[in-house]
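Visitor: Here the sequence shown stands for residues 959 to 1214, numbered as in my numbering. Just so it is clear, CB atoms sit at the ideal spot from N, CA and C, and this is done for glycine as well. Below are the structure tokens for one structure; questions will follow.
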Amino acid sequence: VDDEDRVREGLCWSLRMTGYQVDEAASGVQALALLGRGTFDLMLLDMNMPSMDGVEVMERARRVQPDLAIIVLTGHATLDSAIAAVKWGASDYLLKPVGIQSLKAAVNKALEERAGQLRQQQVMALMSQVTAVLQPPDRMPAEATAASQPDKVLSVGGLALDVAKRTVTIDAEEPRSAELTEAEADILQELMRHPDQVRTCRQLVYAAWGHDMSEAEAAGTVRSHLFRLRKKIELDSGNPQFIKTVRGGGYFLAKT
């Protein structure tokens, strides 16, 4: 995605010669139209474009395809653009002009990371299904039973979670409710049981799937679920009121 024809066409040619299937867009509007019509693995995005800049494109792209890998390109690096790239989960941040070998290395790395995260999510989902089949309800561990019984509805800081129905009611400027996936409900339940306390990604994965993994692996696993959860409960997911991020630490649910 780049409004400079020469740059865009050169990058597309290089990537096609490497063997990738590439679509191109000369603006953010064109890019979002492409994302709305099909599934993509990676977006190479120029930050400085007229009408719709790269930051807005990243934000909207994440709503359409949360698992999309993004590499940011810019000819004018700024602190704000770097912060935005980190905020929206960009895999890399490259300065123009970028060498072909550097570009290929960044693309390979981003795609490998995305593939690993998707595999991890699939494995976790499968293991949860297997655990549910092998562990009948009447043989649930006593600790898990005790933890799940007392609170059919959890209420914290304007949120009310019906644990059994997996629905959340939001008492905010615009009261509303939303249905959650099993993983989203488990993650939110873990955050609501420890309000104003930072929970690491590792802790959130264990709460949702019952499996232990490294913090780096856990971060890749929960990112898309947290993104979708925020979209459901926050009025502005880019400036969340409920689920806050602690860089390098994890996430916490704000009471107020």
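Over the uninterrupted alpha helix (DSSP H) stretch that includes A991, give me the two end residues.
Guide: Translated into the one-based positions of the sequence shown, residue 991 becomes position 33. Residues G986 to R995.
Visitor: Relative to the C-alpha of L1003, which residue among A991, S1009, T997 and T1032 is closest?
Guide: Here residue 1003 refers to the residue found at position 45 when the sequence shown is read from its first residue. Checking every option, the nearest Cα to that of L1003 belongs to T1032.
Visitor: DSSP three-state call for V1117: helix, strand or coil?
Guide: Within the sequence shown, the letter at position 159 stands for residue 1117. Contrary to the premise, residue 1117 reads as Leu rather than Val in this sequence. DSSP places L1117 in strand when its eight states are reduced to three.
Visitor: Name the two residues that bound the continuous alpha helix (DSSP H) containing D963.
Guide: Counting from one through the sequence shown, the residue named residue 963 turns up at place 5. It spans D963 to T976 - the alpha helix (DSSP H) in which D963 sits, taken as one unbroken run.
Visitor: Threshold first: 3 residues or longer. Then list the beta strand (DSSP E) segments lying entirely within the segment 1005 to 1062, N to C.
Guide: 1027 to 1032 and 1050 to 1053
Visitor: Around the Cβ of L1193, are there at least 16 other Cβ atoms within 10 angstroms (buried) or fewer (exposed)?
Guide: By 1-based counting over the sequence shown, the position of residue 1193 is 235. That one is exposed.
Visitor: Indicate whether A1068 and L1119 have their beta-carbon atoms separated by less than 8 Å.
Guide: Position 110 of the sequence shown, counted from the first residue, corresponds to residue 1068. Position 161 of the sequence shown, counted from the first residue, corresponds to residue 1119. Not in contact: A1068 and L1119 (Cβ atoms no closer than 8 Å).
Visitor: Please state whether DSSP places S1182 in a helix, a strand or coil.
Guide: Counting from 1 along the sequence shown, the entry for residue 1182 is found at position 224. Residue state, collapsed to three classes: helix.
Visitor: Can you name the residues that DSSP bridges to A1136?
Guide: In the sequence shown, residue 1136 corresponds to position 178, counting from 1. DSSP, once it has assigned bridges, lists V1126 as partnering A1136.
Visitor: Count Cβ pairs between the segment 1126 to 1140 and the segment 1185 to 1192 that sit closer than 8 Å; are there 3 or more?
Guide: yes
Visitor: Which residue comes first and which comes last in the beta strand (DSSP E) that contains L1162?
Guide: Taking the first residue of the sequence shown as position 1, residue 1162 is located at position 204. For L1162, there is no enclosing beta strand (DSSP E); the residue is part of the alpha helix (DSSP H) that begins and ends at C1159 to W1167.
Visitor: May I ask you to report which of helix, strand or coil DSSP gives L1187?
Guide: Here residue 1187 corresponds to residue number 229 of the sequence shown, with the count starting at 1. L1187: helix per DSSP, three-state reduction.
Visitor: Could you spell out where the beta strand (DSSP E) holding F1210 opens and where it closes?
Guide: Against the sequence shown, residue 1210 aligns to sequence position 252. First-last of the beta strand (DSSP E) with F1210: G1208 to L1211.
Visitor: So which of A1212, L1061, V1163 and R1157 has the shortest CA-CA distance to Y978?
Guide: Along the sequence shown, one-based indexing puts residue 978 at 20. The option with the nearest alpha carbon to Y978 is L1061.
Visitor: Report, in whole angstroms, the separation of the C-beta atoms of V1022 and G994, which I expect to be a contact under 8 Å.
Guide: In the sequence shown, counting from the first residue as 1, residue 1022 sits at position 64. In the sequence shown, counting from the first residue as 1, residue 994 sits at position 36. Correct: roughly 6 Å between the Cβ atoms.
Visitor: Going by Cα to Cα distance, which pick from A1073, L1146, G968 and G1047 is closest to K1054?
Guide: Indexing the sequence shown from 1 puts residue 1054 at position 96. Among A1073, L1146, G968 and G1047, the Cα nearest to that of K1054 belongs to G968.
Visitor: Can you tell me the Cα-Cα spacing of L973 and K1202, whole angstroms?
Guide: Taking the sequence shown and counting its residues from 1, one reaches residue 973 at position 15. Taking the sequence shown and counting its residues from 1, one reaches residue 1202 at position 244. Between the alpha carbons of L973 and K1202 lies a distance of about 37 Å.
Visitor: Between V1164 and the rest of its own chain, which residues show a CB-CB distance below 7 Å, the 5 nearest in sequence each way excluded?
Guide: The count along the sequence shown starts at 1 and reaches residue 1164 at position 206. First, the residue type needs correcting, since residue 1164 is Tyr and not Val in the sequence shown. Cβ within range, chain order: D1170.
Visitor: Can you give the beta carbon distance from L1211 to V1056, rounded, assuming they're within the 8 Å contact cut?
Guide: Numbered from its first residue, the sequence shown carries residue 1211 at position 253. Numbered from its first residue, the sequence shown carries residue 1056 at position 98. Not quite, the Cβ-Cβ distance comes to about 40 Å (not below 8 Å), so this is no contact.
Visitor: Quick one, are the C-beta atoms of G1012 and Q1075 less than 8 Å apart?
Guide: Taking the first residue of the sequence shown as position 1, residue 1012 is located at position 54. Taking the first residue of the sequence shown as position 1, residue 1075 is located at position 117. For G1012 and Q1075, no; Cβs fall outside 8 Å.
Visitor: If we count the other Cβ atoms within 10 Å of its Cβ and call it buried at 16 or more, is W971 buried or exposed?
Guide: As a working note, residue 971 is residue 13 in the sequence shown. Counting Cβ neighbours within 10 Å, W971 comes out exposed, since fewer than 16 surround it.
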